[in-house]
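Below is one structure, written out as structure tokens; the observations come after it.
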Ligand code: AMP
Ligand code: MG
């Protein structure tokens with residue numbers, strides 16, 4: 040049983056064979072992103088949820104408006120509704136007040152030339168009226184009349200048109216949209232109580248390495264606490280996935296194979312950290328490769344050079360597998376630039392690129408041409424009020440604080456060399472997003 044769309048997807052080998060001069064030992068970031076994108080097809084399963092439960096879920100169908108919003112022309116202001124012809128000449132006018140209309144009500148009478156109706160914001164425009172004079176622009180002329188000084192409104196002002204927000208029959212929200220708070224409001228404005236969304240992704244993850252201890256355990260000599268599972272837990276939760284935390288798996292072939300199999304049987308995607316770099320025990324990669332179609336890449340980037348990607352199968356179930364390097368910063372960077380987009384695609388979401396801006400670097404940055412570098416940085420206003428970016432201290436890929444202190448990543452392009460102070464750099468703002 041496959042967990043993805045029915046059409047037979049291309050094999051990884053088919054995809055990489057289209058890359059001229061394909062070299063798994065020297066991939067660019069863009070090449071790896073392209074292969075991952077081509078290999079992943081969205082999950083098909085759909086469920087209906089109430090709109091309150093639909094935040095961050097992915098719409099499975101276009102939402103077509105079955106009504107006009109607003110349903111009638113109405114006033115944008117508290118004031119007086121009148122016929123535009125009465126103000127077309129631009130001179131001062133005196134208007135007789137012939138009634139009042141509140142939001143939620145309607146005015147049944149006729150409004151003739153030289154007449155107006157007291158109107159509240161949101162109230163339907165009385166028949167024949169197409170213009171509203173805001174209350175504050177008028178001069179009182181007793182209980183039954185109002186004076187409008189010359190040149191204050193033009194015909195058609197302060198009127199909201201029927202269907203100007205959402206017209207009957209138009210696509211209000213497209214399939215693939217990850218619903219935001221204002222989208223929930225928009226659905227409610229259409230009177231839609233529930234929507235069809237893709238089911239949530241199930242993502243299993245575990246950390247590999249004999250040296251790893253989980254929080255709550257004593258830290259034996261030579262060991263480190265496993266941080267990657269917690270970072271992954273946070274990033275996946277923020278992405279709206281159901282997470283399956285499988286703990287730490289030691290550098291032991293049988294335990295690793297059992298973990299890969301069980302993860303694959305439970306989840307749409309599996310993420311591991313550790314064991315894919317050159318120094319690691321070879322059997323991690325052998326086990327991955329033995330369970331499906333896997334690529335083991337060295338990517339021209341820093342941090343995050345090694346990356347394993349592919350699809351594994353166990354007992355008739357399949358899952359995409361991302362084998363990330365072990366270093367904590369490499370995990371975050373690899374997740375942000377490869378896994379995030381891939382999971383959004385798998386979830387059926389339209390592409391949601393992280394915002395990229397060009398800003399000036401406050402200080403020089405050392406950079407080696409021939410690889411993409413992701414440096415952790417802080418975007419903040421300088422003394423002159425202009426926002427610039429500066430690095431967060433030591434940039435080693437094991438220094439997790441460099442990431443924790445950062446609110447953005449400076450993306451230094453493949454061919455670029457050293458950066459001088461004041462030069463423009465490209466930054467990826469992730470604060471609140473990853
Ligand atoms: P590896 O990719 O397995 O060679 O690991 C590279 C480095 O990352 C080593 O110093 C590991 O101890 C460290 N590391 C691997 N996994 C984790 C983890 N889950 N949490 C913290 N550090 C890790
Ligand atoms: Mg390891």
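In this note's numbering, the protein residues as written are 40 to 473. Note that beta-carbon positions come from the ideal geometry of N, C-alpha and C, so glycine has one too. It should be emphasised that the depicted structure is a prediction, and the values quoted were computed from it without experimental measurement.
Near residue 473, what residues of its chain come up, given a Cβ to Cβ distance below 8 Å and the 5 sequence neighbours on each side ignored? Counting only Cβ-Cβ distances below 8 Å, and skipping sequence neighbours, we find 274, 277, 371, 374, 375, 379, 393.
Q: Could you check the C-alpha separation between residue 128 and residue 135 for me, to the nearest Å?
A: Rounded to the nearest angstrom, the two C-alpha atoms are 18 Å apart.
Original post:
In the structure shown, what three-state DSSP assignment does residue 449 receive?
Top reply: Taken through DSSP and simplified to helix, strand or coil, residue 449 comes out as strand.
(request) Output the distance between the C-alpha atoms of residue 305 and residue 295, rounded to the nearest integer angstrom. (result) In a straight line, the C-alpha of residue 305 is about 15 Å away from that of residue 295.
Indicate whether residue 107 and residue 230 have their beta-carbon atoms separated by less than 9 Å. With contacts defined as CB atoms closer than 9 Å, residue 107 and residue 230 fail to qualify as a contacting pair.
Examine the Cβ distances between the region 209 to 219 and the region 244 to 258 and report whether three or more of them are shorter than 8 Å.
No, the region 209 to 219 does not touch the region 244 to 258.
Task: Selected residue, minimal CA-CA separation from residue 169, among 336, 119, 190 - done: Among 336, 119, 190, the Cα nearest to that of residue 169 is on 119.
_So residue 183 and residue 162 are supposed to be a Cβ contact under 8 Å. How far apart are they, rounded?_
Not really, about 20 Å apart at Cβ, beyond 8 Å.
With 16 other Cβ atoms within 10 Å as the buried cut-off, status of residue 336:
Under this definition residue 336 is a buried residue.
Can you tell me where the beta strand (DSSP E) with residue 422 in it begins and where it stops? Where residue 422 is concerned, there is no enclosing beta strand (DSSP E), given that its DSSP letter is neither H nor E.
- prompt: Which residues in the same chain have their Cβ closer than 7 Å to the Cβ of residue 133, if we skip the five residues on either side of it in sequence?
  reply: Around residue 133: 180, 184, 186.
Provide the residue(s) that pair with residue 52 in DSSP beta bridges, ordered along the chain.
Residue 52 pairs with nothing; no bridge assigned.
- [ ] Quick one: measure Cβ to Cβ for residue 560 and residue 324, integer angstroms, because I've assumed they're closer than 8 Å.
- [x] Outside the shown range of the chain (40 to 473) lies residue 560, about which nothing can therefore be said.
**Proximity to residue 111 [Cα-Cα], best of 166, 419, 330** = Of the candidates 166, 419, 330, 166 places its Cα closest to the Cα of residue 111.
Requested in this report: Reducing DSSP to helix, strand and coil, say where residue 18 ends up.
Outcome: Because the chain spans 40 through 473 in this model, residue 18 falls outside it and cannot be assessed.
(request) Run through the region 77 to 127 for me and flag every whole beta strand (DSSP E) of 3 or more residues, listed as ranges in chain order. (result) Runs of the beta strand (DSSP E) inside the region 77 to 127: 85 to 89, 118 to 121.
Does DSSP put residue 375 in a helix, in a strand, or in coil?
Helix at residue 375.
| Over what stretch of residues does the alpha helix (DSSP H) that includes residue 330 continue unbroken? | Premise fails: residue 330 is in no alpha helix (DSSP H) and is neither H nor E.
- Where does residue 42 sit, in a helix, a strand or coil, going by DSSP? For residue 42, the predicted model reports a pLDDT of 48, less than 50, meaning its position is unreliable; a value from the coordinates is still stated below. Looking at residue 42 - three-state DSSP - the assignment turns out to be coil, as it is neither helix nor strand.
To which residues of the same chain is residue 44 closer than 7 Å at the C-beta, ignoring the five residues directly before and after it? For residue 44, the pLDDT reaches just 49, beneath the cut-off of 50, and the residue's location in the model is therefore unreliable, leaving the point undetermined.
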